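3 is the number that this note's numbering gives to position 3 of the sequence shown; each next residue is one higher, with no gaps.
Quick reminder that beta carbons are idealized off the backbone N, C-alpha and C, glycines included.
Note that the structure is a prediction, hence the values are computed from the model and not measured.
Worksheet for the structure shown next.
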Amino acid sequence: MLGHLSALTGLLTGGIGYVAGPLIIWQVKKDTMPFASSESKEALNFNISWFLWGAVLAAVTVPLMFLLVGFFLLPVLIVYPVVWAIFCIVGGLRANEGKSYKYPLTVRFVQ
Numbered sequence: 001m002l003g004h005l006s007a008l009t010g011l012l013t014g015g016i017g018y019v020a021g022p023l024i025i026w027q028v029k030k031d032t033m034p035f036a037s038s039e040s041k042e043a044l045n046f047n048i049s050w051f052l053w054g055a056v057l058a059a060v061t062v063p064l065m066f067l068l069v070g071f072f073l074l075p076v077l078i079v080y081p082v083v084w085a086i087f088c089i090v091g092g093l094r095a096n097e098g099k100s101y102k103y104p105l106t107v108r109f110v111q
């Protein structure tokens, strides 16, 4: 559960917690708690993936705003972090129930 919810510390740390939280939990628990290790890896992969998706979305939206087309994508850019937080919370709740949670649109960087 902490692997999923630790990513929310990124809201308080200026972004470093998005990756650092799940990474620390994974490194500390990988030998003693296999479930916590796998869930932390899943959260880490999710946060890396969503950072990259967000960077692509911002890179497309901001230049298009000068053509007025990007204003249609602006609501997506605003809702994006809310959806991220919801996925983190749902992952934490599922892990708390003892169920594995697979995030959508996640590239498995860490195996």
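Proximal residues to residue i (C-beta, below 8 Å), its chain only, five neighbours per side dropped
| i | result |
| --- | --- |
| T61 | G70, L73, L74, V76, L77 |
| A58 | L77 |
| Q27 | none |
Same chain, Cβ closer than 6 Å to residue i, neighbours up to 5 away in sequence not counted
| i | result |
| --- | --- |
| F109 | N45, I48 |
| V19 | N47 |
| T106 | N45, F46, S49 |
| K30 | S37 |
Buried versus exposed call for residue i [16 or more other C-beta atoms within 10 Å across all chains shown]
| i | result |
| --- | --- |
| P63 | exposed |
| S100 | exposed |
| I16 | exposed |
| E39 | buried |
| L68 | exposed |
| A95 | buried |
Closer than 8 Å to chain C by CB, residue i
| i | result |
| --- | --- |
| Y101 | Among the chains of the structure shown, chain C does not appear; only one protein chain is present. |
Nearest neighbour of residue i, chosen from the options [CA to CA]
| i | options | result |
| --- | --- | --- |
| W53 | K102, Y80, D31 | Y80 |
| A43 | C88, V82, A59 | C88 |
| P22 | F51, K41, F66, R94 | K41 |
| S6 | Q111, K102, G92 | G92 |
| A85 | G98, F66, A55, F51 | F51 |
| E97 | F35, I25, V83, V28 | F35 |
Beta-carbon contacts of residue i that lie in its chain and below 7 Å, excluding the five residues immediately before and after
| i | result |
| --- | --- |
| Y103 | E42, F46, F87, G91 |
Worksheet item: Going along the chain, which unbroken runs of the alpha helix (DSSP H) with 4 or more residues stay wholly within the segment 37-102?
Response: 74-96, all fully within the segment 37-102.
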